[in-house]
Structures are given as C-alpha cells and as structure tokens.
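A.B. asks:
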Amino acid sequence: MRSYDSCCNKDRIMLIKSRNDGFIHPVASEITPQGIYTQRRELIRLMATGAAGAALATWAMRDARAQTMTARPGKLTALVAAKSTVSGATTVEKVTEYKDAAGYNNFYEFGTDKSDPARNAHTLQTSPWTVAIEGLVKKPGNYALEDLTKLSAQEERIYRLRCVEGWSMVIPWVGYSLSELIKKVEPLSSAKYVEFVTLADRKTMPYVSTHVLDWPYVEGLRMDEAMHPLTLLTFGMYGEILPKQNGAPLRLVVPWKYGFKSGKSLVKIRFTDKEPMTAWHQAAPQEYGFYSNVNPNVDHPRWSQARERRIGEDGLFSQKRKTLMFNGYEAQVGQLYAGMDLKKYY
Amino acid sequence: MNRFLLSPFAKPLLLAACLLPCAFLIYAATADQLGANPAEALVRSTGDWTLRFLCLVLAVTPLRVQAGLPSLARFRRMLGLLVYFYVLLHLLCYSWFDMGFELQDIARDITKRPFILVGFAAFVLLTPLAATSFNRAIRWLRASRWQVLHRLVYGVAVLGVLHFFWMRASKNNLAEVMVYAGILGILLAWRLWRRLTVRRA
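Read top to bottom, the protein sequences are chains A and B. The first sequence: position 72 = 72 (our numbering), numbered continuously. The second sequence: position 42 = 1042 (our numbering), numbered continuously.
#1: If the criterion is Cβ atoms closer than 8 Å, does the pair I311 of chain A and Y176 of chain A meet it?
#2: Who are the neighbours of D957 of chain B on chain A, taking C-beta pairs under 7 Å?
#3: Do the stretch 90 to 105 of chain A and the stretch 1030 to 1037 of chain B touch if we need at least three Cβ pairs shorter than 8 Å?
#4: Taking the alpha helix (DSSP H) that G1047 of chain B belongs to, which residues open and close that run?
#5: The alpha helix (DSSP H) that contains S1144 of chain B, what's its start and end?
#6: Answer yes if the stretch 249 to 264 of chain A comes into contact with the stretch 212 to 232 of chain A, meaning at least three C-beta pairs across the two stretches below 8 Å, and no otherwise.
#7: Answer with buried or exposed for R1113 of chain B, where buried requires no fewer than 16 other C-beta atoms within 10 angstroms of its C-beta.
#8: Determine the DSSP secondary structure at F107 of chain A, reduced to helix, strand or coil.
#9: Would a check of beta-carbon distances place R1113 of chain B closer than 8 Å to chain A?
#10: Would you grab the beta carbon distance between V194 of chain A and I269 of chain A for me? Rounded to a whole angstrom, and I think it's under 8 Å.
#11: Verify the CB distance criterion: does F1097 of chain B have a CB-CB separation below 8 Å to chain A?
#12: Rounded to whole angstroms, how far is the Cβ of V95 of chain A from the Cβ of V170 of chain A, which I believe are closer than 8 Å?
#13: Leaving aside the five residues before and after V1060 of chain B along the sequence, list all residues of the same chain whose C-beta is less than 6 Å from its C-beta, in chain order.
#14: Sort B:G1119, B:F1120 and B:L1152 by Cα distance to F1132 of chain B and report the nearest one.
#15: Whether or not the stretch 179 to 196 of chain A and the stretch 134 to 150 of chain A are in contact is what I'm after, with contact meaning three or more pairs of Cβ atoms, one per stretch, closer than 8 Å; do they touch?
#16: When you compare only the Cα positions, how much space is there between M61 of chain A and K274 of chain A?
#17: Which value, in whole angstroms, describes the spacing of the CA atoms of S318 of chain A and L1196 of chain B?
#18: What residues match up with A1175 of chain B in a beta bridge as DSSP calls it?
#19: When the Cα atoms are used, what is the spatial distance from T58 of chain A to G259 of chain A?
#20: Compare the C-beta of K244 of chain A with all C-beta atoms of chain B and state if any pair is closer than 8 Å.
#21: Output, in chain order, the set of chain B residues within a Cβ distance shorter than 7 Å of V212 of chain A.
#22: Do the stretch 295 to 315 of chain A and the stretch 149 to 166 of chain A make contact, defined as three or more Cβ pairs closer than 8 Å?
#23: What is the residue span of the alpha helix (DSSP H) that Y1084 of chain B lies within?
#24: Residues in the stretch 304 to 319 of chain A with C-beta within 9 Å of chain B's C-beta atoms, listed in sequence order?
#25: Candidates A:Y346, A:P117, A:Q335 and A:P140: which alpha carbon is nearest W280 of chain A's?
#26: What residues in the stretch 1029 to 1054 of chain B have a beta carbon less than 9 Å from any beta carbon of chain A?
#27: Could I get the ranges of all uninterrupted beta strand (DSSP E) runs contained in the stretch 109 to 196 of chain A, with 3 residues as the minimum, in chain order?
#28: Secondary structure at E225 of chain A, three-state DSSP: helix, strand or coil?
#29: Determine the closest residue to E313 of chain A out of A:G328, A:A200, A:A89 and A:E93, with distance taken between C-alpha atoms.
#30: Taking the alpha carbon of K343 of chain A as the reference point, which residue from A:N295, A:K322, A:R302 and A:K184 has its own alpha carbon closest?
#31: Mind listing the chain B neighbours of T112 of chain A? Cutoff is C-beta to C-beta under 8 Å, in chain order.
#32: Establish whether the CB of Y159 of chain A and some CB of chain B are separated by less than 8 Å.
#33: Are the stretch 209 to 217 of chain A and the stretch 174 to 188 of chain A in contact at 8 Å, needing three or more beta carbon pairs?
#34: Looking at the unbroken beta strand (DSSP E) that takes in L1014 of chain B, where does it start and where does it end?
#35: Pop quiz: M1078 of chain B and K1011 of chain B are said to be a contact at Cβ under 8 Å. What is the actual Cβ separation, rounded to whole angstroms?
#36: Give the secondary structure of A57 of chain A by DSSP, where H, G and I count as helix, E and B as strand, and everything else as coil.
Okay, here's the thing in structure tokens:
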C-alpha cells in the first residue's frame, strides 16, 4: 500500500494501487465527473474572454451542488439534473447500488419474481410515448414524452423507497414535482383525486396475459397528495433515463407511501371526483388500502411493518432497521393526514 | 433396479444428493450469490425444499407398491428426516434473518398471523415423528401405535400447502402452489383409494 508514497503525502494511505497497470486510482468520490470537468473548461474559456465575473458566482454554486450528485452507472442515456431544493428531497443516506435498484424489482407485467423484470422488460417500447391527460381538467389531451420531459427543470431527488414487502432502498431519482404538470393542465375545482394508469400491452409485457392482477395496473392519489412537492414525476435515476424494469419512460415516485403506490410506465393521468379503485386494493382489499402510507404501527395482515431490510446494506445477520413513520417524511407530509385514523385508512 | 437400490452405496449416495440443496445455499450465501435480498432468498428456498422433500417421502409408498420396488422402503426414514432437516433450516432462517432471534416477536408473529401459525403447527407436528424415527422408539411404541402416530404426516402435508397458499394468496399467482397441492393431493388420494379398495377386497 505505501510503496508508491515517495512523492505523495504519506498520510493518504487510502489510495489504491492497481496490480495490473500501476495506476493510482483515487476513490470514486474523488474522480471529477465529466460534467464538472467540462464546466471548468468552459469557465477557463469565459475567463479568457473576460466574461468570468458574473459566471464565477453561478459556477461556484453549481459546483458545490453538483459535487453531491450521484455518479452515473454509464448504462443508459444521461439525464442532466440539478440538486433539488425541496424539503426532504435529498437524504444523505448511502445510496443503494445501481445493480440492486435495477435488478431487484416488482413490476408484475414482466413477471412476479423480483429478478424477472430486469430479464424480461427489454421488450418494452418506450418511444414514441404519450401520456393522456383526462377527466376533470381544463387542458386534457395527449402529451408527448419529449414535451413532458421539458415541461419543468429536472431535479435529482434522493429518496428512501420502502416496499410493502419489508425491504427498502435509497434511490437517486431524476424528475420534477408532479404538481408542475398538474398546474399546467389546470384541474377543475371538482377534481379531488388523480388516477394513474400504467401500460398494459400483451405484446410486449408477458404477464399481462396472466391473471396475477386485473390489468392495467391503476394507482391513485388524493389531490393534495398529488400536489405535494415530494410527489415526483420521474424520468430517470442515477443521472440517467429510467431502465425499462424501473418503469421507463416515466413513472411516479411517492416516497412516503409503499412502493406499489408509485405506478410505472404511465400512459394516462385522470382527474376525478371519486377515489380511484387501485389494482392492489381490488386484488386484496383487506391487505392493501387506498392510502398505503408507510406506517410501522399498522401491520400488513401477513407480516409486521415495524422493521425493514435495507437492500445491499443490512447484512444477513444484522438486525433489520426500524421503519419510520411516513418513511421518514413525517415532517413534510404529516399534516396531509392530520386527524385521520391511519389504522382505518391504511 | 432393485439390486441398485439394495446396494450399500445407494443410501449414502441419496443422502449426499439430498444435502446438495443445503450445500448450495450455504455456498451461495457466503459467496453473495443470492441476489439483492439474501435473507428472503434463504427463507423461501428452505421452505421450497421442505415441500419438495415432503412430496418425495410421501411418494415412497405409492411408488414401492405401484412400481413393485419393495427395496424403496429403505429410504423412507432418511427422506422423512430430511423433511425435518429442511423445515428446521426454514424455521432457523425465519427466526434469525427475519426476526433477529427476538423470541417475543416470534411468539407474537405466530399467534397473530394465520399463515405463520399454520407453518409453525406443521413443524410442531413433525417433531414427534422425527423424535420417534429410530428403531428403539418403534419397538417402544409398538409398530401399530407408531404407525398411527406417523399418519400425522398427512396433516403436515395439508398444513404445509396451506402455509404456502396463504403466503402467495392475494396475488392470483398460485401456479407453484397448485403444483405442490396437485402432487400431494395425488399421493394422499392414492392412499385413500388403496384403503378403500383393499378393505373391500
């Protein structure tokens, strides 16, 4: 380990010398991301042309922000995003490895085993893609994915994801608050709920021909939940567009609710005055309610929700960690449910 | 076939083969080959193997009679003990990886959740069978009483499938449950059919 240190700071024994090429690789967090690197080049160019004064301040700010951005896995198209300023939107917990987040999925249209979606979802056609906006809304219509992507600035949101099955991850999503879209399409005052319909295509989704659930998979939120800034219309993760098994090309992420509330591969967003019948509630009403907020005090009939296993982090032999009320987003979303009996509205 | 079954190597060979799943799971767990959620993988696969060995041990008598291979009976006790071995592993994985050996939590889980209760009941019912599997126990109990006691395994089969069914219920994804229910159903139906026909004869 210390053999190279003749020229280096002797205290920095963390540097790793590769056995093969003799190169000294810094730890991943010390590698300058390409985006920052090109920004620095740009800055030097600006300095040379004398325009640096104003640019310097914004660059310094961007630099500070971008340093915390998640490293890209380099598998899919990059999706540039700024760090979010929304309260609670950026947890500092250790981010789950990309291979786990993109390899351990519940996406029943592609199979019921958690390794099935990564294996089967390659058939999904994500382009062209449109989302129908329907129901009690002033500006209904079909919105193309390209327009939706550009509708508002993309942000990185590092959220905890708690699955109803008792495991969790930390995922850096890319998207913007769903409220941005809702404001643009102007729902009528009679609209009380938002229904999310996901793709159900027999040709490209092998399990849509089975009766595992009543397809298409439908989810829903109350209007105030949908308008909450943490509710994310999501186009990417880990700085890239969404992998197909994670719900490409766009999905919902509602971090204080169990994962199944966040529909994948959305094709329709409908504004309604009635509580939508959601897919899991229809399949097993006594097990899955409309709200399905993460709640350690309300057990699933078949297992406890008090604890969870953080994928890739909590080892086989370590105690599972305690599940937090509203998945740790109580400060942000608790007031949405003030006075509600959360045992009754599970 | 009969000669092979009677050879002194047959039993150790079968035992080694039956311990392969366990060896694989231990290897996979230590080599990080169990995917993103190794705890879940271990609990589920030990449960799967318990059901598989239950099918195997209950297939011994029907196969022995229908295929005319009396020497198959030699393997019945060992297969029965393997069911117990895998159910113990299953219980151990659940208690350890799912419940962190919190005995109070486990006790609460058993009383609160029907699907856990049913699985635990199946384990409890298997315990006296494993405990009376050696020759002296058979002599001590007398063969007829021993045989009555060991009919508990039919109840264990029903509870085991119910346990699996309840775990999968609500997901309309019961194909695998149906395979086990079908196999065990046929094996139990064969016994019923034989009882009725032999008595009439």
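Ideal Cβ positions, reconstructed from N, Cα and C, are used throughout, including at glycine. The model shown is predicted, which means the values in this text are computed figures rather than measured ones.
C.D. replies: Taking the definition as stated:
#1: no
#2: Nothing about residue 957 of chain B can be read from this structure; chain B reaches only from 1001 to 1201.
#3: yes
#4: P1038 to Q1066
#5: A1143 to H1150
#6: yes
#7: buried
#8: coil
#9: yes
#10: 6 Å
#11: yes
#12: 5 Å
#13: L1072 and R1076
#14: The sequence given here has Thr at residue 1132 of chain B, not Phe. The residue with the shortest Cα to Cα distance from T1132 of chain B is B:L1152.
#15: yes
#16: Summary for M61 of chain A: the model assigns pLDDT 48, below 50, so the residue's position carries little reliability; its value from the coordinates is reported in the next sentence. So the two alpha carbons sit approximately 45 Å from each other.
#17: 54 Å
#18: Partner(s): none; A1175 of chain B has no beta bridge.
#19: In this prediction, T58 of chain A scores a pLDDT of 49, lower than 50, which makes its location untrustworthy; no coordinate-derived value is stated.
#20: no
#21: K1171, N1172 and N1173
#22: yes
#23: R1076 to C1093
#24: S304, A306, R307, R309, I311, G312, D314, G315, L316, F317, S318 and Q319
#25: A:Y346
#26: A1029, L1034, G1035, A1036, N1037, P1038, A1039, E1040 and L1042
#27: 130 to 135, 141 to 144, 155 to 162 and 167 to 177
#28: helix
#29: A:E93
#30: A:N295
#31: K1171 and N1173
#32: no
#33: no
#34: Unbroken run through L1014 of chain B is the alpha helix (DSSP H), A1010 to T1030; no beta strand (DSSP E).
#35: 7 Å
#36: Its pLDDT being 49, under 50, A57 of chain A is placed unreliably by the model, and the measurement read from it follows with that caveat. Three-state result, A57 of chain A: helix.
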